[in-house]
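Reading through the structure tokens given below for one structure.
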Amino acid sequence: MAQRDARFNQHVLVDTTPMPDHIPKVEEIGATSAPLFSAAYFIGDRCKAFNDDYMKCKEEANGRGEIECLKEGRKVTRCAASVIKDINTHCLKQFKEHWECLENNNHYLFECRKPEQALNSCVFDKLGLKKTIPGAPEGEVPVHLRPKQKYAQFPGRQY
Amino acid sequence: MGVPFEALLPYGIVITMFGVTGAGLYVSKRFLNEGKKPRWNSDLWDRQMMERDLRITGTLRGQSSNHIAPKGFELSNPWKIEKRIY
Chain Y
0 MAQRDARFNQ
10 HVLVDTTPMP
20 DHIPKVEEIG
30 ATSAPLFSAA
40 YFIGDRCKAF
50 NDDYMKCKEE
60 ANGRGEIECL
70 KEGRKVTRCA
80 ASVIKDINTH
90 CLKQFKEHWE
100 CLENNNHYLF
110 ECRKPEQALN
120 SCVFDKLGLK
130 KTIPGAPEGE
140 VPVHLRPKQK
150 YAQFPGRQY
Chain H
0 MGVPFEALLP
10 YGIVITMFGV
20 TGAGLYVSKR
30 FLNEGKKPRW
40 NSDLWDRQMM
50 ERDLRITGTL
60 RGQSSNHIAP
70 KGFELSNPWK
80 IEKRIY
């Protein structure tokens with residue numbers, strides 16, 4: 000394997016064979032990139048245990064994780080879908096405003112702090128999920144709570 | 000002594016032509032991106048997510064926040080393969 004040169008992937012293969020019946024079914028997440036990005040921190044808040052479990056399984060499977068970690072992967076998918084479903088049920092308006100803003104601004108979070116504040120407070124009130132940035136420095140205001148954003152098109156206070 | 004109006008004609012032409020190109024680019028880019036601002040500086044992750052959006056919604060910039068994918072989505076996932084397999 001090691002002496003083989005890296006090659007670009009120039010072909011794709013779409014395999015329409017369904018999964019065999021002995022593997023339990025899971026419904027895939029239907030949210031596209033902007034709603035997923037908008038809900039990412041809430042998914043991380045609720046599903047941290049499942050996600051870490053899946054990553055640990057993949058790491059310990061020595062390259063066979065795609066087959067051996069199917070069970071953990073289903074848990075990850077179901078948990079993320081439950082978060083998206085809950086946000087859609089309780090905070091649809093704020094959620095829609097935020098991901099439409101993201102989609103219109105090249106998926107830059109710093110352009111959309113105002114809809115993000117509304118979404119964060121709504122999700123915290125209704126679902127109890129809080130946005131925290133992992134690994135952010137201690138003792139400073141986290142970047143998503145600062146009213147002025149350095150690289151945003153609008154230089155003043157966003158909310 | 001006033002400036003003759005013929006001296007200002009080229010400025011009018013310059014401003015109009017720059018305006019035409021600017022407005023034309025704005026309109027055509029918005030049209031190509033379904034009324035949204037175009038994506039820029041997109042890396043491999045962004046491009047593969049846009050490809051996934053295309054498989055879910057059927058349009059390049061379409062978005063959907065459903066928690067369950069449409070039927071058949073799980074079978075449309077492309078595998079990347081190399082030209083030659085040892």
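If you read the protein sequences in the order shown, they are chains Y and H.
Take the first sequence: its letters are residues 0 to 158, numbered as in numbering that gives the first Met the number 0.
Take the second sequence: its letters are residues 0 to 85, numbered as in numbering that gives the first Met the number 0.
Here a beta-carbon is modelled for each residue, glycine too, at the ideal position from N, C-alpha and C.
With H, G and I counted as helix, E and B as strand and the rest as coil, what does DSSP make of residue i?
i	result
H:R54	helix
Y:H97	helix
Y:K74	helix
Y:L118	helix
Y:V11	strand
Y:R156	strand
Y:K147	strand
H:G61	coil
Y:A217	Here chain Y covers residues 0 to 158 and nothing more, so residue 217 of chain Y does not appear.
Y:H21	coil
Y:A48	helix
Y:H89	helix
Y:G43	helix
What residue from the options has the CA that sits closest to residue i's CA?
i	options	result
Y:P23	Y:D85, Y:I66, Y:V122 and Y:K47	Y:I66
Y:V25	Y:D85, Y:K57, Y:A80 and Y:N8	Y:A80
Y:F41	Y:G62, Y:P17, Y:G64 and Y:V82	Y:V82
Y:F153	Y:Y107, Y:R63, Y:D124 and Y:E137	Y:Y107
Y:Q148	Y:F109, Y:K129 and Y:N87	Y:F109
Less than 7 Å separating the Cβ of residue i from some heavy atom of the ligand HEM?
i	result
Y:G138	What this structure holds is no ligand at all, so the ligand HEM is not there to describe.
Go to residue i, then tell me how far its alpha helix (DSSP H) extends in each direction, as first and last residue.
i	result
H:L31	L8 to L31
Y:S172	Residue 172 of chain Y lies beyond the residue range present for chain Y, which begins at 0 and ends at 158; the question has no answer from this structure.
Looking at the unbroken beta strand (DSSP E) that takes in residue i, where does it start and where does it end?
i	result
H:K79	P77 to I80
Subject >> Given 8 Å, three or more beta-carbon pairs between the segment 18-36 of chain Y and the segment 93-105 of chain Y >> reply: A contact exists between the segment 18-36 of chain Y and the segment 93-105 of chain Y.
Original post:
Are the segment 29-45 of chain H and the segment 133-143 of chain Y touching by the rule of at least three beta carbon pairs closer than 8 Å?
Top reply: No, they do not touch.
Original post:
Counting Cβ pairs, one atom from each stretch, are 3 or more of them under 8 Å apart for the segment 69-78 of chain Y and the segment 7-14 of chain Y?
Top reply: With the cut-off at 8 Å, the segment 69-78 of chain Y and the segment 7-14 of chain Y do not touch.
Subject >> Under 8 Å (Cβ pairs) to chain B, residues found in the segment 52-82 of chain H >> reply: No chain B is part of this structure, whose protein chains are labelled Y and H.
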